[in-house]
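K.L.:
Taking my numbering, the leading residue of the sequence shown gets 947, the next gets one more, and so forth. Yeah, the Cβ is synthetic: ideal placement off N, Cα and C, and Gly gets one too.
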Amino acid sequence: MKIRFIFHKSVCIFCFAVLIFLHFVPEGYAQGQTEQGVSVEKQKEGRTLLVASATLYGFALYGPGTARLLEIESGSQIAGLEMLIGGGSFVGALLATRNHRLGAGRSSLILTGSLAGTLYGFGLPVLFESENDKAYLASAMFATPIGGLLAHSLSSHRWFNEGESHTISRGGLVGGLYGLAIPYLINIEDLEGWTQAKIYVTSAMIGIPTSVWTTAKLIHNKPINEGRASLLALGGGIGSSYAVGILSLTDVEALRPYVLAAMLGLPAGTYLGYKLTAGDEYTNGRATLIQVGAYAGAMFGMSFPMMADAESHKPYVMGSILGSAAGMWLAHRLTRGWGETAPFARNHLIPKSDKFAVSLPLIDKWLTLGFMALRKPTVMADFPVELVRISF
């Protein structure tokens, strides 16, 4: 009787979750509603991301969360419930996105909104000083689709490319980190434990949307593709690292000055990255090589003090800073004019009349050839079979 009762409750909660998911996850644009000039292929991109993330949410959050809310203790029942909800999430996501026309950029923003909703869901019970783990799980399960819906609604006014969406998402992440860092800098350690937790959570909740809105305003109508967006993120990381490294040369031992230096270095590095990448083209491949150049240059710069058995950290810091800067400069210079958009790398950029194509026979031609070889006909010995077609 207890097993039947648990099963009925599980099915009811699962159906409720599916209905919420189908209601909140958008079906996408109709073709006529998207920005003119965007191909249908571009509009269809991003569906895989949404389906995969919904399935992962089903297995990682909604399955274990439902089992905990129902207080299921049997391992086989928990596993069965997770498989039920995970598989149902996959089917539900496929049905909800069957008319997907959002593109990869807005799909990424919707996923970012869902992740933000999850974080908000886990943070809200802190404001009520809840010690019940069920409250955290239920809040996260409820807030996740709401975050995706809000991201979908707020991004519905125009088309977003992947570079813009990734930059906005990273801006939200930075805003959350700043929200956590600011209370630490003003030193709230003398406050009671729950009060500290509330301040940290509230500050992070304020920092995420504030940074998202600020980033979206700053990059609006700016030429930022996916490659350049990754270089902006690299610039922010390099700026923080350089600021922390330079401060370490002064032998400061307290932690708060380093946090402040990282907070100041990140926007400075991002701004320099934006200015230094203006007026040039950056594909994903070129941006990746520049990033690898930074890491390889840092390791190359640290190799000299390492071989010299330097005991102080200062030679390593200086070597990594100088080496990474040299690595980025060298990779930037040697990859100029190179990328995936070059005609030799993308066949669709070559006019059809200039393409050279070799077509092999289809399966029916192979079956016909095999049948004739087995039967060895004499009347139709000259029956033509196309084996290779060359066009140019």
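(1) For a test of the three-state rule: what should DSSP assign to H1166, helix, strand or coil?
(2) So the alpha helix (DSSP H) T1281 belongs to, where does it begin and stop?
(3) Give the range of the alpha helix (DSSP H) segment to which F1068 is assigned.
(4) With a threshold of 8 Å, are at least 3 pairs of Cβ atoms found where one atom belongs to the stretch 1219-1228 and the other to the stretch 1170-1181?
(5) Near P1010, what residues of its chain come up, given a Cβ to Cβ distance below 6 Å and the 5 sequence neighbours on each side ignored?
(6) Thinking C-alpha only, which one of L1268, M1274, I1192, L1055 is nearest S1249?
(7) Look at the alpha carbon of A1240 and the alpha carbon of P1169, and state the distance between them as a whole number of angstroms.
(8) Are there 16 or more other CB atoms within 10 angstroms of the CB of A1006, so buried, or fewer, so exposed?
(9) Keeping to the same chain, check which residues put their C-beta closer than 7 Å to that of G1265; ignore five residues upstream and five downstream.
(10) Check each candidate in T1160, E1077, E1075, V1190 and name the one with the smallest Cα separation from V1263.
(11) Once the 5 residues before and after T1113 are set aside, which same chain residues still bring their CB inside 7 Å of it?
(12) Does G1215 come out as helix, strand or coil in the three-state DSSP assignment?
(13) Judging by CA-CA distance, which residue of V1037, T1148, I1031 is the nearest neighbour of L996?
(14) Quick one: using the 10 Å Cβ neighbour count with 16 as the cut-off for buried, is V1304 buried or exposed?
(15) Give me the residue from V1238, G1069, L1193, E1138 with the minimum Cα distance to A1150.
(16) Which of the three DSSP states is assigned to D1226 in this structure?
(17) Based on Cα-Cα distance, which residue from L1195, G1051, K1260 lies nearest to R1104?
(18) Answer yes or no: do L1055 and S1101 have a C-beta to C-beta separation smaller than 9 Å?
(19) If we cut at 9 Å on Cβ distances, does S1054 have a partner in chain D?
(20) Measuring CA to CA, which of R1232, M1209, E1257 is closest to L1123?
(21) Does the stretch 985-996 come close enough to the stretch 1037-1048 that 3 or more CB-CB pairs lie under 8 Å?
(22) Does the beta-carbon distance from G1185 to G1153 come in below 9 Å?
(23) Tell me which residue opens and which closes the alpha helix (DSSP H) that F1036 is part of.
(24) In terms of residues, what are the limits of the alpha helix (DSSP H) holding L1126?
(25) Which same chain residues end up closer than 7 Å to G1121 when comparing Cβ atoms and leaving out the 5 residues on each side of it in sequence?
(26) When you compare each of E1199, R1202, S1187 to G907 by their alpha carbons, which one comes out closest?
(27) Whose C-alpha, out of L1193, D1197, P1203, G1183, is nearest the C-alpha of L1131?
P.N.:
Here's the rundown:
(1) The residue labelled residue 1166 in the question sits at position 220 within the sequence shown. DSSP, read as helix, strand or coil, puts H1166 in coil.
(2) Taking the first residue of the sequence shown as 1, we reach residue 1281 at position 335. Here T1281 belongs to no alpha helix (DSSP H), and DSSP marks it neither H nor E.
(3) Taking the sequence shown and counting its residues from 1, the one referred to as residue 1068 is at position 122. In the DSSP assignment, F1068 falls within the alpha helix (DSSP H) that extends over 1049-1073.
(4) Result yes; three or more Cβ-Cβ pairs closer than 8 Å.
(5) As a working note, residue 1010 is residue 64 in the sequence shown. Listed in chain order, the non-local C-beta contacts of P1010 below 6 Å within the same chain number zero, local neighbours out to five positions each way being set aside.
(6) Position 303 of the sequence shown, counting from 1, holds the residue named residue 1249. For S1249, the nearest C-alpha among the options comes from L1268.
(7) Against the sequence shown, residue 1240 aligns to sequence position 294. Against the sequence shown, residue 1169 aligns to sequence position 223. Rounded to the nearest angstrom, the two C-alpha atoms are 23 Å apart.
(8) In the sequence shown, the residue the question calls residue 1006 occupies position 60. When all chains shown are included, A1006 counts as exposed.
(9) Your numbering for residue 1265 matches position 319 in the sequence shown. Cβ within range, chain order: G1247, M1248, F1250, P1251.
(10) Within the sequence shown, residue 1263 is the residue found at index 317, counting from 1. Checking every option, the nearest Cα to that of V1263 belongs to V1190.
(11) For the purposes of this step, residue 1113 is taken as the residue at position 167 of the sequence shown. Excluding sequence positions up to five before and after T1113, its CB lies within less than 7 Å of the CB of T1161, I1165, I1170, A1175, L1178, all in the same chain and listed in chain order.
(12) The residue given as residue 1215 occupies position 269 in the sequence shown. In the structure shown, G1215 sits in a helix (DSSP, three-state: H, G or I).
(13) On the sequence shown, position 50 is the one that residue 996 refers to. Distances from the alpha-carbon of L996 to those of V1037, T1148, I1031 put V1037 closest.
(14) The count along the sequence shown starts at 1 and reaches residue 1304 at position 358. For V1304, the pLDDT reaches just 48, beneath the cut-off of 50, and the residue's location in the model is therefore unreliable, leaving the point undetermined.
(15) Numbered from its first residue, the sequence shown carries residue 1150 at position 204. The shortest Cα separation from A1150 among V1238, G1069, L1193, E1138 belongs to G1069.
(16) Taking the first residue of the sequence shown as position 1, residue 1226 is located at position 280. Coil.
(17) The residue you call residue 1104 lines up with position 158 of the sequence shown. Answer by Cα proximity: G1051.
(18) Numbered from its first residue, the sequence shown carries residue 1055 at position 109. Numbered from its first residue, the sequence shown carries residue 1101 at position 155. Taking C-beta atoms as the reference points, L1055 and S1101 count as a pair closer than 9 Å.
(19) Considering every chain present, this structure includes no chain D. It has just one protein chain.
(20) For this step, residue 1123 is matched to residue 177 along the sequence shown. Minimum Cα distance to L1123 is reached at M1209.
(21) A contact exists between the stretch 1037-1048 and the stretch 985-996.
(22) Taking the first residue of the sequence shown as position 1, residue 1185 is located at position 239. Taking the first residue of the sequence shown as position 1, residue 1153 is located at position 207. The answer is no: Cβ separation not under 9 Å.
(23) By one-based count along the sequence shown, residue 1036 stands at place 90. For F1036, the enclosing alpha helix (DSSP H) begins and ends at 1021-1042.
(24) To locate residue 1126, count along the sequence shown from 1; it is residue 180. Taken as a continuous stretch (DSSP letters only), the alpha helix (DSSP H) holding L1126 covers 1108-1131.
(25) Start at 1 with the first residue of the sequence shown, and residue 1121 comes out as number 175. Spatial neighbours of G1121 in its own chain (CB-CB distance under 7 Å, excluding positions within 5 residues in sequence) are listed in chain order as G1153, I1154, T1156, S1157, V1158.
(26) Because the chain in this structure spans residues 947 to 1338, residue 907 falls outside the shown range and cannot be described.
(27) Taking the first residue of the sequence shown as position 1, residue 1131 is located at position 185. Of the candidates L1193, D1197, P1203, G1183, the one whose C-alpha sits nearest the C-alpha of L1131 is P1203.
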